[in-house]
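Counted the way my numbering counts, the sequence shown spans residues 262 to 324.
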Amino acid sequence: MPIPDRIARVLRIEWLGQTVASVCWICSVFAYGISSIGDWLQLLAASAWLVANVAAVLTIRAD
262 MPIPDRIARV LRIEWLGQTV ASVCWICSVF AYGISSIGDW LQLLAASAWL
312 VANVAAVLTI RAD
């Protein structure tokens, strides 16, 4: 995928909103501390969401 297409995808409100939300979720886990398995699961979920968003930008699709 050409760079301008990737930049256009990153600047879409859907991608920006989801990425900001996942980063905030990750930050909140660290801000409140990791004290149980539920905290680890939240960190895993937020990290997976962030990785999926980044992968959506980096994925090259054949048309």
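Backbone N, C-alpha and C define an ideal beta-carbon position, used for all residues, glycine too. Because the structure is a prediction, the values reported are computed rather than measured.
Per DSSP, reduced to three states, the secondary structure at Ser283 is helical.
Cα atoms of Gly294 and Thr320: separation of roughly 33 Å, rounded to the nearest angstrom. Burial check for Val290: the Cβ neighbour count within 10 Å reaches 16 or more, so the residue is buried. Here Ala309 is exposed, its C-beta having fewer than 16 other C-beta atoms within 10 Å. The alpha carbon of Ile287 has as its nearest neighbour, out of Leu277, Trp301, Asp266 and Glu275, the alpha carbon of Trp301.
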